[in-house]
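A.B. asks: In this note's numbering, the protein residues as written are 79 to 360.
Think of the CB as a built atom: it goes at the ideal place given N, C-alpha and C, for glycine as much as any other residue.
Fair warning: this is a prediction, and the values are worked out from it, not measured in the lab.
Pasting in a structure now, in structure tokens, and then I'll have a few things to ask.
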């Protein structure tokens, strides 16, 4: 089958499930991944013949997309902050908003001669690894409850040629951290159960709920515990960074004030909603 023939079939089969721009993005990602053809090359090679292996892969990917499986899980990789990361069902797919959190930290600390950083709830390792790559003087540690997630994160550290100290632990049950740190950063679970109705079905059906959701009655439990530990394990003038629930910015600030943190700053993301916060320990 010619690739252009399959492309027409691909668009037709997904037209009721996704907008055309998203279908085009899916097709481009799959072709680049499997056939190593860029979008421009594809446009020029109308008569490219798919062999049986290529066709099987594309048809299988099409079926998975019809079943709402994210494209990143289909190809097993995604990009974040200019780096490549392996992903599977055990880790969240990194979001552009989290890249903004990384950028904030890098800009604030790029001239430091030495840093000790802890990433809590590292998942794929995207925050920790991106910081290690862009702050070469930093010693970075990363903690997660999931051994499966840490396997992916360790692979990603090797893939991106950085050294990370990985820790398998439940942040909610530990009473101390292994060291003091100049920066503690976390993108913890913060989506309330009541917000599930606002989320896309492919996220609900595929991404790990343990990394996404918190109970409605205690949505800031991770922030409370991490901030409590940070009081004792941040160095003087150390900085605590969080990605936050856009609807709970005021509540998060109030929590950090109650813990004694100062210079609390909330930052909006590219969509104009409260998404990040930083504060200082004095």
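Go to residue 83, then tell me how far its alpha helix (DSSP H) extends in each direction, as first and last residue.
C.D. replies: Against the chain shown, residue 83 aligns to sequence position 5. Run containing residue 83: 81-92, per the alpha helix (DSSP H) assignment.
A.B. asks: What number of angstroms, rounded off, separates the C-alpha of residue 342 from the C-alpha of residue 151?
C.D. replies: Along the chain shown, read from residue 1 onward, the residue named residue 342 stands at position 264. Along the chain shown, read from residue 1 onward, the residue named residue 151 stands at position 73. When rounded, the distance between both Cα atoms is 36 Å.
A.B. asks: Is it buried or exposed for residue 288, if we count other Cβ within 10 angstroms and need 16 for buried?
C.D. replies: Taking the chain shown and counting its residues from 1, the one referred to as residue 288 is at position 210. Exposed, by the Cβ-count rule.
A.B. asks: Do residue 242 and residue 202 have their C-beta atoms closer together than 7 Å?
C.D. replies: As a working note, residue 242 is residue 164 in the chain shown. As a working note, residue 202 is residue 124 in the chain shown. The answer is no: Cβ separation not under 7 Å.
A.B. asks: Do residue 347 and residue 178 come within 7 Å of each other at the CB atom, strictly closer than that value?
C.D. replies: By 1-based counting over the chain shown, the position of residue 178 is 100. By 1-based counting over the chain shown, the position of residue 347 is 269. Against a cut-off of 7 Å, the Cβ pair of residue 347 and residue 178 comes out as a contact.
A.B. asks: Which residues in the same chain have their Cβ closer than 7 Å to the Cβ of residue 168, if we skip the five residues on either side of it in sequence?
C.D. replies: What you label residue 168 is simply residue 90 of the chain shown in a count that begins at 1. Once the five neighbours on either side are set aside, the close Cβ partners of residue 168 are 224, 226, 227, 230, 286.
A.B. asks: In the DSSP output, which residue or residues are listed as bridge partners for residue 188?
C.D. replies: Walking along the chain shown from the start, residue 188 turns up at place 110. For residue 188, which the question treats as bridged, DSSP gives no partner whatsoever.
A.B. asks: Here's the rule I'm using: 16 or more other beta-carbon atoms within 10 Å means buried, otherwise exposed. How should residue 261 be labelled?
C.D. replies: Counting from 1 along the chain shown, the entry for residue 261 is found at position 183. So residue 261 ends up on the buried side.
A.B. asks: Taking the alpha-carbon positions, what's the residue 291 to residue 249 distance?
C.D. replies: Along the chain shown, one-based indexing puts residue 291 at 213. Along the chain shown, one-based indexing puts residue 249 at 171. About 15 Å.
A.B. asks: Between which two residues does the beta strand (DSSP E) harbouring residue 122 extend?
C.D. replies: On the chain shown, residue 122 is found 44 positions in, with the first residue counted as 1. Looking at the DSSP string, residue 122 is not in any beta strand (DSSP E); the run it does join, the alpha helix (DSSP H), is 117-122.
A.B. asks: Inspect the beta-carbon positions of residue 128 and residue 91 and report whether they are closer than 7 Å.
C.D. replies: The residue you call residue 128 lines up with position 50 of the chain shown. The residue you call residue 91 lines up with position 13 of the chain shown. No; because the gap between Cβ atoms is not below 7 Å, this pair is not in contact.
A.B. asks: Around the Cβ of residue 116, are there at least 16 other Cβ atoms within 10 angstroms (buried) or fewer (exposed)?
C.D. replies: For this step, residue 116 is matched to residue 38 along the chain shown. The residue is exposed, with fewer than 16 neighbouring Cβ atoms inside 10 Å.
A.B. asks: I'd like the ranges of any beta strand (DSSP E) spanning at least 3 consecutive residues and lying wholly in the stretch 246-293.
C.D. replies: DSSP runs (the beta strand (DSSP E)) wholly in the stretch 246-293: 259-264.
A.B. asks: Helix, strand or coil for residue 327, going by three-state DSSP, please let me know.
C.D. replies: As a first step, residue 327 must be located in the chain shown, where it is residue number 249. Looking at residue 327 - three-state DSSP - the assignment turns out to be helix.
A.B. asks: Under the rule that 16 or more other beta-carbon atoms within 10 Å means buried, what is residue 164, buried or exposed?
C.D. replies: Here residue 164 refers to the residue found at position 86 of the chain shown. Buried is the call here.
A.B. asks: What does the Cβ neighbour count give for residue 208, buried or exposed, with the cut at 16 atoms within 10 Å?
C.D. replies: The residue labelled residue 208 in the question sits at position 130 within the chain shown. When all chains shown are included, residue 208 counts as buried.
A.B. asks: Give me, in chain order, the residues of the same chain whose beta-carbon lies closer than 8 Å to that of residue 269; leave out the 5 immediate sequence neighbours on both sides.
C.D. replies: Walking along the chain shown from the start, residue 269 turns up at place 191. Only 277, 290, 291, 292, 323 meet the Cβ criterion.
A.B. asks: Smallest Cα separation from residue 263: which of 221, 296, 240?
C.D. replies: Translated into positions along the chain shown, residue 263 becomes position 185. Ranking the options by Cα distance to residue 263, first place goes to 221.
A.B. asks: Going by Cα to Cα distance, which pick from 235, 258, 304 is closest to residue 251?
C.D. replies: On the chain shown, residue 251 is found 173 positions in, with the first residue counted as 1. Ranking the options by Cα distance to residue 251, first place goes to 304.
A.B. asks: Can you tell which of 317, 353, 338 has its C-alpha closest to the C-alpha of residue 328?
C.D. replies: Taking the chain shown and counting its residues from 1, the one referred to as residue 328 is at position 250. Comparing Cα positions, the closest option is 353.
A.B. asks: Pick from 351, 340, 350: whose alpha carbon is nearest that of residue 359?
C.D. replies: Taking the first residue of the chain shown as 1, we reach residue 359 at position 281. Answer by Cα proximity: 340.
A.B. asks: Roughly how many angstroms lie between the CA atoms of residue 104 and residue 143, to the nearest whole one?
C.D. replies: Here residue 104 refers to the residue found at position 26 of the chain shown. Here residue 143 refers to the residue found at position 65 of the chain shown. Using only the alpha carbons, I get a separation of about 9 Å.
A.B. asks: Taking C-beta to C-beta, are residue 101 and residue 89 nearer than 7 Å?
C.D. replies: Here residue 101 is taken as the residue at index 23 of the chain shown, counted from 1. Here residue 89 is taken as the residue at index 11 of the chain shown, counted from 1. Cβ distance < 7 Å, so residue 101 and residue 89 count as in contact.
A.B. asks: Which class does residue 336 belong to by DSSP, given the choice of helix, strand or coil?
C.D. replies: Translated into the one-based positions of the chain shown, residue 336 becomes position 258. The answer is helix: DSSP assigns residue 336 an H, G or I state.
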